[in-house]
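Written out below as structure tokens is the structure these notes cover.
There are 2 protein chains.
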Amino acid sequence: MTTIPLSGRRAQAARNDAVILDAAREVFVADPSAPIAAVAQKAGVGISALYRRYPSKEELLAKLCLDGLLAYVAIAEEANAALDAGADPAEAFTTFMVRVVDADTHSLTQRLAGTFHPTDEHTRGAIRAGELNQHLVERLHEARVVRPDFALADLGQIFEMIAAIRFGDDERRGQLRRRYLALLLAGIFQPDAAPLPGPAPYVGEFAGRWTKKTEV
Amino acid sequence: MTTIPLSGRRAQAARNDAVILDAAREVFVADPSAPIAAVAQKAGVGISALYRRYPSKEELLAKLCLDGLLAYVAIAEEANAALDAGADPAEAFTTFMVRVVDADTHSLTQRLAGTFHPTDEHTRGAIRAGELNQHLVERLHEARVVRPDFALADLGQIFEMIAAIRFGDDERRGQLRRRYLALLLAGIFQPDAAPLPGPAPYVGEFAGRWTKKTEV
DNA sequence: AGCAGAGCGGAACGATCCGTTCCAGCAATT
DNA sequence: AATTGCTGGAACGGATCGTTCCGCTCTGCT
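If you're matching them up, the sequences are chains P and H in order. Residues in the first sequence are numbered from 1 upward in steps of one, following our numbering. Residues in the second sequence are numbered from 1 upward in steps of one, following our numbering.
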């Protein structure tokens, strides 16, 4: 993992920045309550290398979550842009879903939410993501490619279900997630289907997750 | 919770047996690593009331898991019996899935597996469940009601996905789980669909979960 | 050549959590 | 009244984990 020739202490430090973030992402995606020491070990550095960069575990989690949120927003913006540019709606939506699932942004955003005190940036990102989702779902309904009762908040729940697949190594997990994503999409792309049972989730049901539990 | 009039200490003890099991099921289904004290509190009894009945947390978990396994086997046997008796395959399968999801046996079996050392009874139950699943899936393929590449081990993964829905109170969670079960079934009941991507999970991929991790 | 200090590894500390044990009290039975 | 089974919950001991701290290395500058 440390194959790049290092020219000086400063270069190693710069490289550690990336190595640590990668390790942290991998560890916390697998287990949001993993100890900090596990991140250090995975990164192949000592614990101080972490604390030199982030004043606490919470700030590291906040950073990871924000990165995930921005990644999601970027993917969603691309999807919306493609739709507005006249791309095939079903294809654009499929691409969007596959990219989100592959990037596993859900594990970084929804799943890490509640482990830190959100900043304004998190709030803004979440709001922006919600707007993009809404726009996306509206376009799908206009194009009549999805079942009529497919709701905005179904999106989040579907990502949650797919993120629950936690098998084996990265590759196998990715395969399986794509498999069940395809199965879910097969159920979603049915414009004439009878409505699903039960009221769809509404966005507010997800909101509670962003408040840190240990708050007094 | 303790409204039933008690006639004597012995009656209270007998009632506690049930109260404790119910509380334990509820608590551990919500969080398999919950502390024992949480179970006692939910049951409204002291900790000794638990330890009088089960010598350790592990044995309580083993008991819950076995109960869940037996419940699953009972539901699966009914479904197979209905199929063999000539019931409508799609309907019998739907009923089966709804019953399993409502009983949340997955949270008691697969999710609790690994928190205790399985006994022979667990092993036998798991094997029996596997046989029943296989029989069920074979019947569905014979009747050509499901997509051709729907595999035995897809069953477990689907229960896992649905068990990942953990919203709000019991009722709301039940509603949502039925909703996404219906969505998944809509994707499954497509005999002429193109194959899903990626190799299906195979049964062996699940087996590792039954071995307790802290083993030397 | 030598030195100040940035950056690092990892041991040590203190707080928290949790499974289990233990003890004093109580209620039913004898 | 004495006994016995059961209970509630405090107390204990071990484990875990976030954070701090110390001594070392190696770099960049003088």
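A virtual CB, placed ideally from N, CA and C, is assigned to each residue, including glycine.
Say whether chain H places a C-beta atom closer than 8 Å to the C-beta of Gly-156/P. Locating residue 156/P in the first sequence gives position 156, where the first residue counts as 1. By this cut-off, Gly-156/P is not an interface position.
DSSP state of Val-217/P, grouped into three classes? Only positions 1 to 216 of chain P appear in the structure, and residue 217/P is not among them; the question remains open.
Phe-189/H and Gly-156/H closer than 8 Å at C-beta: On the second sequence, position 189 is the one that residue 189/H refers to. On the second sequence, position 156 is the one that residue 156/H refers to. Taking 8 Å as the Cβ cut-off, Phe-189/H and Gly-156/H do not qualify as a contacting pair.
Cβ distance (whole Å) where Ala-107/P is taken to contact Val-29/P below 8 Å: Taking the first sequence and counting its residues from 1, the one referred to as residue 107/P is at position 107. Taking the first sequence and counting its residues from 1, the one referred to as residue 29/P is at position 29. What sits at residue 107/P in the sequence shown is Ser, not Ala. Right, their Cβ atoms sit about 4 Å apart.
Using a Cβ-Cβ cut-off of less than 9 Å, list which residues of the stretch 157-172 of chain P approach chain H; keep chain order. Gln-157, Ile-158, Glu-160, Met-161, Ile-162, Ala-163, Ala-164, Ile-165, Arg-166, Phe-167, Gly-168 and Arg-172
What number of angstroms, rounded off, separates the C-alpha of Pro-191/P from the C-alpha of Ala-186/H? The residue given as residue 191/P occupies position 191 in the first sequence. The residue given as residue 186/H occupies position 186 in the second sequence. Rounded to the nearest angstrom, the two C-alpha atoms are 12 Å apart.
By Cβ distance, which residues of its chain are closer than 6 Å to Ile-4/P, with the 5 residues on each side in sequence left out? As a first step, residue 4/P is located in the first sequence; it is residue number 4 there, counting from the start. Its pLDDT being 41, under 50, Ile-4/P is placed unreliably by the model, and the measurement read from it follows with that caveat. Once the five neighbours on either side are set aside, Ile-4/P has no close Cβ partner at all.
Does the beta-carbon of Gly-86/P have 16 or more other beta-carbons within 10 angstroms, so that it is buried, or is it exposed? By 1-based counting over the first sequence, the position of residue 86/P is 86. Its Cβ having fewer than 16 others within 10 Å, Gly-86/P is exposed.
Give the secondary structure of Ile-165/H by DSSP, where H, G and I count as helix, E and B as strand, and everything else as coil. Residue 165/H sits at position 165 when you count from the first residue of the second sequence. Ile-165/H falls in the coil class under three-state DSSP.
Between the CA atoms of Phe-167/H and His-117/P - distance to the nearest angstrom: Along the first sequence, read from residue 1 onward, the residue named residue 117/P stands at position 117. Along the second sequence, read from residue 1 onward, the residue named residue 167/H stands at position 167. In a straight line, the C-alpha of His-117/P is about 21 Å away from that of Phe-167/H.
Cα-Cα separation, Arg-179/H to Arg-172/H: Numbered from its first residue, the second sequence carries residue 179/H at position 179. Numbered from its first residue, the second sequence carries residue 172/H at position 172. Rounded to whole angstroms, Arg-179/H to Arg-172/H spans 11 Å at the Cα level.
Any C-beta of chain P sitting closer than 8 Å to the C-beta of Glu-205/H? Indexing the second sequence from 1 puts residue 205/H at position 205. Yes, its Cβ sits closer than 8 Å to a Cβ of chain P.
Sort Thr-119/P, Ala-49/P, Ala-38/P and Cys-65/P by Cα distance to Thr-109/P and report the nearest one. For this step, residue 109/P is matched to residue 109 along the first sequence. Cα-wise, what sits closest to Thr-109/P is Cys-65/P.
Check each residue of the stretch 172-183 of chain H: if its Cβ is closer than 9 Å to any Cβ of chain P, include it; give the result in chain order. Arg-172, Gly-174, Gln-175, Leu-176, Arg-177, Arg-178, Arg-179, Tyr-180, Leu-181, Ala-182 and Leu-183
Give a yes or no on contact between the stretch 16-34 of chain P and the stretch 62-80 of chain P, applying the rule of three or more CB pairs nearer than 8 Å. yes
Buried or exposed: which applies to Arg-111/P, given that a residue is buried once 16 or more other Cβ atoms fall within 10 Å of its Cβ? Counting from one through the first sequence, the residue named residue 111/P turns up at place 111. Buried: at least 16 other Cβ atoms inside 10 Å.
Cutting at 7 Å between CB atoms, please list the residues of its own chain near Ala-24/H, excluding the five before and the five after it. Here residue 24/H corresponds to residue number 24 of the second sequence, with the count starting at 1. Same-chain partners within the cutoff: Val-39, Leu-60 and Leu-64.
Buried or exposed for Lys-212/P, going by 16 or more other Cβ atoms inside 10 Å? For the purposes of this step, residue 212/P is taken as residue 212 along the first sequence, with counting starting at 1. Lys-212/P should be labelled exposed.
Own chain, CB closer than 6 Å to Trp-210/H, minus 5 neighbours either side, in chain order: Sequence index remark: in the second sequence, residue 210/H carries index 210 (1-based). For Trp-210/H, where only same-chain residues beyond five positions count, the Cβ hits under 6 Å are Ala-113 and Pro-118.
Taking the alpha-carbon of Leu-183/H as reference, which of Gln-175/P, Ile-158/P, Ala-163/P and Ile-127/P has the nearest alpha-carbon? Residue numbering aside, residue 183/H sits at position 183 when the second sequence is read from its first letter. Among Gln-175/P, Ile-158/P, Ala-163/P and Ile-127/P, the Cα nearest to that of Leu-183/H belongs to Ile-158/P.
Anything in chain H within Cβ reach of Gly-198/P, meaning under 8 Å, just list it in chain order. Translated into positions along the first sequence, residue 198/P becomes position 198. Those are Gln-175, Leu-176, Arg-178 and Arg-179, listed as they occur along chain H.
Determine contact between the stretch 86-105 of chain P and the stretch 41-53 of chain P, defined as no fewer than three beta-carbon pairs at a distance below 8 Å. no
So Lys-42/H is in the alpha helix (DSSP H); what residue range does that whole segment cover? Along the second sequence, one-based indexing puts residue 42/H at 42. 36-43 is the span of the alpha helix (DSSP H), which, as asked, contains Lys-42/H.
Buried or exposed: where does Ile-127/H fall if 16 or more other Cβ atoms within 10 Å of its Cβ makes it buried? Position 127 of the second sequence, counted from the start, is the residue given in the question as residue 127/H. Answer is exposed; the Cβ neighbour count stays below 16.
Could you please give the first and the last residue of the uninterrupted alpha helix (DSSP H) stretch that includes Tyr-231/P? Given a span of 1 to 216 for chain P in the structure shown, any question on residue 231/P remains unanswerable.
Could you name the residues of chain P that Gln-190/H contacts, counting a contact when the two beta carbons are closer than 7 Å? The residue given as residue 190/H occupies position 190 in the second sequence. Ordered by position in chain P, the residues that pass the 7 Å Cβ test against Gln-190/H are Ala-186.
Would you decide whether Arg-15/H is buried or exposed? Buried here means 16 or more other CB atoms lie within 10 Å of its CB. For the purposes of this step, residue 15/H is taken as residue 15 along the second sequence, with counting starting at 1. Classification of Arg-15/H: exposed, given that the 10 Å Cβ count is below 16.
Figure out for me which residue from Gly-208/P, Gln-12/P and Asp-170/P has the closest Cα to the Cα of Thr-288/P. The displayed coordinates of chain P run from 1 to 216. Any statement about residue 288/P would go beyond what the structure contains.
Report, in whole angstroms, the separation of the C-beta atoms of Ser-176/H and Leu-136/H, which I expect to be a contact under 8 Å. Translated into positions along the second sequence, residue 176/H becomes position 176. Translated into positions along the second sequence, residue 136/H becomes position 136. A small fix is needed here, since residue 176/H is Leu in this sequence, not Ser. In fact, because the Cβ distance is near 25 Å, the residues do not count as touching under 8 Å.
Under DSSP, the alpha helix (DSSP H) around Asp-31/P begins and ends at which residues? Start at 1 with the first residue of the first sequence, and residue 31/P comes out as number 31. Per DSSP, Asp-31/P belongs to no alpha helix (DSSP H) and is neither H nor E.
Output the distance between the C-alpha atoms of Ala-74/P and Val-19/H, rounded to the nearest integer angstrom. Translated into positions along the first sequence, residue 74/P becomes position 74. Translated into positions along the second sequence, residue 19/H becomes position 19. Taking the straight line joining both Cα atoms gives about 50 Å.
Own chain residues within Cβ distance below 6 Å of Glu-215/H, not counting five before or after: Here residue 215/H refers to the residue found at position 215 when the second sequence is read from its first residue. With a pLDDT of only 46 at Glu-215/H, under the threshold of 50, the placement of this residue in the model should not be trusted; the figure read from the coordinates follows. Counting only Cβ-Cβ distances below 6 Å, and skipping sequence neighbours, we find nothing.
Is any heavy atom of the ligand ZN found at a distance shorter than 7 Å from the C-beta of Asp-154/P? As for the ligand ZN, it is missing from this structure, which has no ligand bound.
Go to Tyr-51/H, then tell me how far its alpha helix (DSSP H) extends in each direction, as first and last residue. Stepping through the second sequence from its first residue, residue 51/H is reached at position 51. Start and end: 47-53.
Against Ala-193/H, what residues of chain P qualify as contacts under a CB-to-CB distance less than 8 Å, listed in chain order? Counting from 1 along the second sequence, the entry for residue 193/H is found at position 193. Within 8 Å Cβ-Cβ: Ala-186.
Does the beta carbon of Pro-35/H sit closer than 8 Å to a beta carbon anywhere in chain P? Start at 1 with the first residue of the second sequence, and residue 35/H comes out as number 35. Not an interface residue.
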